[in-house]
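Q: Below: one structure in structure tokens.
Protein chains: 6
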Amino acid sequence: MTHIRLITPVITEGIRKLDDIAFLKSPTLEFSHVLLATGPSSIECEFDEALAVPGVAARALEAEKDGADAVIIDCMGDPGLGVARELVSIPVLGPFESSAHLAAMMGHRFSVVTVLDSVRPMLENLATIYGVADKLASVRVIDVPVLELEARITEVQAALAKEAEQAVLHDHADTIILGCTGFLGCAEAIRAHLLAKGLDVPVIDPIPTTVCLAEAFVKAGLAQSKHCHPRPRPKPVAGYDF
Amino acid sequence: MTHIRLITPVITEGIRKLDDIAFLKSPTLEFSHVLLATGPSSIECEFDEALAVPGVAARALEAEKDGADAVIIDCMGDPGLGVARELVSIPVLGPFESSAHLAAMMGHRFSVVTVLDSVRPMLENLATIYGVADKLASVRVIDVPVLELEARITEVQAALAKEAEQAVLHDHADTIILGCTGFLGCAEAIRAHLLAKGLDVPVIDPIPTTVCLAEAFVKAGLAQSKHCHPRPRPKPVAGYDF
Amino acid sequence: MTHIRLITPVITEGIRKLDDIAFLKSPTLEFSHVLLATGPSSIECEFDEALAVPGVAARALEAEKDGADAVIIDCMGDPGLGVARELVSIPVLGPFESSAHLAAMMGHRFSVVTVLDSVRPMLENLATIYGVADKLASVRVIDVPVLELEARITEVQAALAKEAEQAVLHDHADTIILGCTGFLGCAEAIRAHLLAKGLDVPVIDPIPTTVCLAEAFVKAGLAQSKHCHPRPRPKPVAGYDF
Amino acid sequence: MTHIRLITPVITEGIRKLDDIAFLKSPTLEFSHVLLATGPSSIECEFDEALAVPGVAARALEAEKDGADAVIIDCMGDPGLGVARELVSIPVLGPFESSAHLAAMMGHRFSVVTVLDSVRPMLENLATIYGVADKLASVRVIDVPVLELEARITEVQAALAKEAEQAVLHDHADTIILGCTGFLGCAEAIRAHLLAKGLDVPVIDPIPTTVCLAEAFVKAGLAQSKHCHPRPRPKPVAGYDF
Amino acid sequence: MTHIRLITPVITEGIRKLDDIAFLKSPTLEFSHVLLATGPSSIECEFDEALAVPGVAARALEAEKDGADAVIIDCMGDPGLGVARELVSIPVLGPFESSAHLAAMMGHRFSVVTVLDSVRPMLENLATIYGVADKLASVRVIDVPVLELEARITEVQAALAKEAEQAVLHDHADTIILGCTGFLGCAEAIRAHLLAKGLDVPVIDPIPTTVCLAEAFVKAGLAQSKHCHPRPRPKPVAGYDF
Amino acid sequence: MTHIRLITPVITEGIRKLDDIAFLKSPTLEFSHVLLATGPSSIECEFDEALAVPGVAARALEAEKDGADAVIIDCMGDPGLGVARELVSIPVLGPFESSAHLAAMMGHRFSVVTVLDSVRPMLENLATIYGVADKLASVRVIDVPVLELEARITEVQAALAKEAEQAVLHDHADTIILGCTGFLGCAEAIRAHLLAKGLDVPVIDPIPTTVCLAEAFVKAGLAQSKHCHPRPRPKPVAGYDF
């Protein structure tokens, strides 16, 4: 039995349902899910991430203690990925890193379609650090505020589908990564829209994809290199319970 | 039940045993294995690969027809990877591409330790095309002819372990990819050698790792982009039964 | 007397005339030309290339045996370039590699105008492997099926000229490579169109250019590095006469 | 009068003296200095940085409120640089980013000599994100634990000087960045050692250099782009006083 | 007192006023200014630069002899930057190199807006050599001949502002470098235009920015690496007084 | 009849003999040769190059007026390459650019063996601008002053051969470019040394290679893009007869 712990790096109750990964449950795979005790209510900038990372660190330690086999940080900015990799020995995965590497295997160039223009520098920098910048065709955005997404979901899906189509036609992307976690049905809607336009382009839904990849790490007996991510030495700290 | 077909792209009976992936068998995962009907007896250069690829193409078509859920090309040069991706819709994976992307996620830089100096250009070019060249610290070789490997396995393991150690100490690798498929025990021996030197460095055994990744593709419902790898149009061909 | 052998890597009689290089014949330069005995009828994807390469290998060996001084593989995908370089010691050239390096010397950025969208990944990957990706401004296509080109040649020339103009004006190309071999007059037509628009941009016709470069290799006494491309060791092979 | 606020991103009293920048004080330039109220006692890994960043954020906001003209984060990992740039409009500088860009202007390649092997990935990643990876010849380390540095300062200086010499002779560096802030005299000692070996190589002492660059930003009326680093929108937060 | 010598690398009297840097004068900073005795009347191509560089060399030597603390070459092509760095030991700065590195620190991507299409290759090559090519979003031009600029200054400012806006909206630039030295008010006009469009994007005016950076070099005791830029050995020369 | 003009960009009589290209003379190929009227006596740094370029410009104009079909600048720094390309319409070639692009076609990585450490930055920057930096394995030097080369030719050949061998064994080069023009026999000596060590590595002698490539440009009807290298507009100049 492989047990995967999802850490949604915000404090907002109800923001995360597990419906999108329910189909992956099996006699050999189970999930658990936590929010943060301290941190931001949503993540839209580097400051939000900074407030989330100490909480992610605590949740990663807790996951290992609870016997989880792998940890997934449920946010496309992968906040705290390196930190959690230092703190634990079980594999820690982020959905953008995971999606980007699988997308790099699936075609020649991939694009990310997401909600806000302000995340472009972050995603481009991460793609560079992850080593896959040459495979990133573009980051395209629909410019809808995060808090309005749920209420305007039909409009959002249409806009994402249109940007995905533009990414294929104008940026020469052949694979699409959905750049927002937690919106049910978007991947299918974009895929269907592209197929209807004659574009047989896969759309990566980040969280289910990362769950499957995390299970692969566990089965293969692999995890982050502790030579690269050594466990921090104990030292005095003020303001945190570590 | 996920069914994975391994294609070993040579004609040599007995060169491939499935012992290294036996531990992955489960009620939900089964393997099948084929050699080529036409092709080389081993793969050591581009010419060998060229003679293997039409045979890999035939075996990939056959695998899809047989109902396999994914195909793995069992050679670190990933011969015929792009060709097979054109011919079928089920995911096709190569062990070098798979290992390189997972290694890129596991640390800052990875090295490949392998047997022959002549494969360096090929592996470096593949790493570039796969988009992970920035993560490749080095390709290190032990310079033992392929046909002598089995007879000199103890010496080979020691040499691979020594090169892996050099890769960590001098090339700043923190993750090692084993650059030869099919040698039982090498990954464990290298890992143990490095740990004994105080270097907590993971060693990727390519075939079991690729099997786990292939299963992840199948579970996540992903495969190569057919927009990037469209199915070839039928046309007259001489000398092949396609 | 320098003798250059052109290998057109398809089986289709009549597809190749030598009119475009007739002006290069001289008392010191002669050509010969062969098609393949086994292979595809045209080359439009990686699968077609895979079926061509064993035939190219046979023709390269034959060319060296026949006393040719250099070999040119007459296809912009350069299929079998590395393989032929392993098999023989005389220089082997491909028209895309040759054109790309000369274009890189002629200006700041070059574009390729060609017929089909599906060759973009292949050309971009080759440019990367050849080391000139930074000089490639764009690959632009006219989206006309190969088999309709001859019948629609006037339309094709106009479309290529228009894409070349767009490459100069929008992608900042200053040199154009014609991405289809064997269409008489296209290079001149594109060059004239650009000049008429006030754009003094050279257009590289790949095969005559590659012939001149092959002669330069022969005169300078240079060929591929056999240290990089060592001759394959003999070994059992099934299905091929090597 | 330009007022520069140094934020030393740890909680440890006495770790930072201002002797190394005292020579820069003038009727037009003054400094102030703060430690963190919450955070780690030293910074040696990503986890330490994560605990520092919320404290840096608070200190950056305070600096702007106090009327400082610029902020410097006093650590070679530049922790919180992007976060502080979001929160305030006055220029925020980090010593590694500043030193790397000046070094890039001073020669062909620069090396960083620092104390611990574990910071190599971080410094290499930062150089990549900062856009100057092509100018980084090497990161060289002396492998002395941070807490032993002060007690072994003579040995440390000698080791740094030796690594700097190796960087020039073997890695072709022509400019050296001192990769530890706060060690008085190291830059001069390394420079003198290199000169004695006939190597006229400048050595960048990060904090004084960053102070001078911060003053240049203020004088030129420049600061981080708020289009790139927009001020975070207010939202509920748990566990922090923002 | 820091004394900065500006060398305007042309022979044309009156082309350079110091109004744009007058605000930087202080009891501790003074400027002097020279034109060339031999060279071109303006710089618009590589040939013009070639005729300027020997004159720049003479003026750099003279500046050091006159006791200047730093030299600035007043042209966005930075002509003679490497040459002057060989000849003298005081810091030599060029406005494009200086602006590009500061812009790289200020945001994710910068664009240069300038007057002539023909300078794009030069600026892109310099950005590559300077190591900041990854940070250059685009070079945009207004296509107005240099000699008509002064007479059409209102039109020029409007065109530059429009291109800057396009660079932000379409090329994802967040920082703008003004690619023409000596046009008073352009930086402010572009900045104001962008702010009016809701784009809080800094605009770098190259010469005042480079003056401030030169002063920072002097204060920090830094200059070009003489290991990289060694003083030329004396040798016979024809046609020049060196 | 193709007429190629060699411009040796120094003033020193007797430094250039044409023995190394005598074997290329034929009924269809002739050479002429000039030195500079103004310029340096040798080229060892950027300052020397700056003094040579105006003289190269004059000689390039003269060559075109004299009816030459192509111009070669006889120095591995390619001084004035871009300038001469602006001034004339006949092809202008430099030996480093030419050798680097041919070497890039011949193998996976090439190394340059040359005389002085101080040219490394220049050669590396040129390789980057030429677009072939990824193919450059290393620049290796023997550290013998230029003026002592002729007297110590046996020692020089041995040292170059040894560095070439090191480049193959340690830097993984498979092709060698001789980085000094005009030393008769060095290419053959290095090639023979490498063969004797079992290394079948081609050695490019830059000037004969560039002559052959220049002839290829002429035959193919190609030259530099005048869109990239437009002819300078006439304007007042002081100190030069242009």
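Residue numbers (my numbering), protein chains in the order written: chain Y, 1 to 242; chain V, 1 to 242; chain P, 1 to 242; chain D, 1 to 242; chain Z, 1 to 242; chain A, 1 to 242. Built from N, CA and C at the ideal position, the CB exists for glycine as well. All values derive from a computational prediction rather than experimental measurement.
At 7 Å on the CB atoms, spell out the chain Y contacts of residue 172(Z), in chain order.
A: 120
Q: Identify every residue that forms a DSSP beta bridge with residue 208(Y).
A: Answer is none; residue 208(Y) lacks a bridge partner.
Q: Could you work out which residues of chain V lie near residue 40(P), taking near to mean beta carbons separated by less than 7 Å?
A: 235, 237
Q: For residue 64(Y), return the contacting residues in chain V, with the cut-off set at a CB-CB distance below 9 Å.
A: Chain V residues near residue 64(Y): none, gap ~16 Å exceeds 9 Å.
Q: When you check each C-beta in the stretch 48-59 of chain D against every C-beta of chain Y, which residues fall closer than 9 Å?
A: Listed by position along the chain: 48, 49, 50, 51, 53, 54, 55, 56, 57.
Q: The ligand PLP and residue 199(A): does the residue's C-beta get closer than 6 Å to at least one heavy atom of that ligand?
A: Only the bare structure without any ligand can be found here, which leaves the ligand PLP out of the picture.
Q: Tell me, which residues are paired with residue 93(A) by DSSP?
A: 72(A)
Q: Do residue 56(Z) and residue 84(Z) have their C-beta atoms closer together than 7 Å?
A: yes
Q: Output the distance between the C-alpha atoms of residue 233(P) and residue 25(V), rounded to the nearest integer angstrom.
A: Roughly 37 Å between the two C-alpha positions.
Q: Comparing C-alpha positions only, which one of 22(Z), 5(Z), 153(Z), 142(Z) sits nearest to residue 67(Z)?
A: For residue 67(Z), the nearest C-alpha among the options comes from 5(Z).
Q: For chain P, is any of its Cβ atoms less than 7 Å away from the one on residue 148(V)?
A: It does not; no Cβ of chain P falls within 7 Å.
Q: Name the residue from 31(A), 236(A), 76(A), 148(A) whose alpha carbon lies nearest to the alpha carbon of residue 120(A).
A: 76(A)
Q: Within this structure, are the beta carbons of residue 174(D) and residue 225(Z) separated by less than 7 Å?
A: yes
Q: What is the DSSP secondary structure of residue 41(D), counted as helix, strand or coil?
A: coil
Q: What's the C-alpha gap between residue 145(Y) and residue 186(V)?
A: 52 Å
Q: Considering just the uninterrupted stretch of the alpha helix (DSSP H) at residue 15(A), what are its terminal residues?
A: Annotation for residue 15(A): no alpha helix (DSSP H) segment contains it, and DSSP assigns it neither H nor E.
Q: Quick check on residue 28(D): does DSSP put it in helix, strand or coil?
A: coil
Q: Thinking just about the alpha-carbon of each residue, which of 150(A), 168(A), 193(A), 61(A) is nearest to the one in residue 181(A)?
A: 150(A)
Q: Can you tell which of 9(D), 60(D), 22(D) has its C-alpha closest to the C-alpha of residue 43(D)?
A: Per the Cα distances, 9(D).
Q: Go ahead and pull the three-state DSSP assignment for residue 2(Y).
A: Looking at residue 2(Y) - three-state DSSP - the assignment turns out to be strand.
Q: Can you tell which of 152(Y), 19(Y), 97(Y) has its C-alpha closest to the C-alpha of residue 136(Y)?
A: 97(Y)
Q: Taking 7 Å as the CB-CB cut-off, is residue 82(P) touching chain V?
A: yes
Q: For residue 178(A), which of helix, strand or coil comes out of DSSP?
A: In the structure shown, residue 178(A) sits in a strand (DSSP, three-state: E or B).
Q: Which partner residues of residue 7(A) appear in the DSSP bridge assignment?
A: Looking at the DSSP assignment, residue 7(A) forms a beta bridge with 34(A), 73(A).
Q: Given 8 Å as the limit, is there contact between the stretch 154-169 of chain D and the stretch 192-205 of chain D, that is, 3 or more CB pairs closer than that?
A: Judged by Cβ distances under 8 Å, the stretch 154-169 of chain D makes contact with the stretch 192-205 of chain D, as three or more pairs qualify.
Q: If you reduce the DSSP assignment to three classes, tell me which class residue 83(Z) lands in.
A: helix
Q: Which residue's Cα is closest to the Cα of residue 108(P): 132(P), 241(P), 69(P), 242(P)?
A: It is 132(P) whose Cα lies nearest to the Cα of residue 108(P).
Q: If the cut is a Cβ gap below 9 Å, which residues of chain A does residue 136(Z) touch?
A: None at all; the shortest Cβ gap to chain A is about 14 Å.
Q: Is there a Cβ of chain D sitting closer than 7 Å to that of residue 128(Y), yes or no?
A: yes
Q: Would a check of beta-carbon distances place residue 108(P) closer than 7 Å to chain Z?
A: yes
Q: Please work out which residues of its chain come closer than 8 Å, Cβ to Cβ, to residue 213(V), disregarding the five sequence neighbours upstream and downstream, and give them in chain order.
A: 93, 98, 102
Q: Roughly how many whole angstroms lie between the Cα atoms of residue 172(Y) and residue 118(P)?
A: 11 Å
Q: Runs of 4 residues minimum, wholly inside the stretch 117-145 of chain P: which ones carry the alpha helix (DSSP H) assignment?
A: 120-130
Q: Would you please verify whether the beta carbon of residue 11(Z) is less than 7 Å from any beta carbon of chain A?
A: Yes, its Cβ sits closer than 7 Å to a Cβ of chain A.
Q: List, in order along the chain, the chain C residues whose C-beta lies closer than 8 Å to that of residue 32(Y)?
A: Absent from the structure: chain C. Protein chains present are Y, V, P, D, Z and A.
Q: Could you tell me which residues DSSP pairs with residue 98(P) in its beta bridges?
A: Note: residue 98(P) sits in no beta bridge, so no partner.
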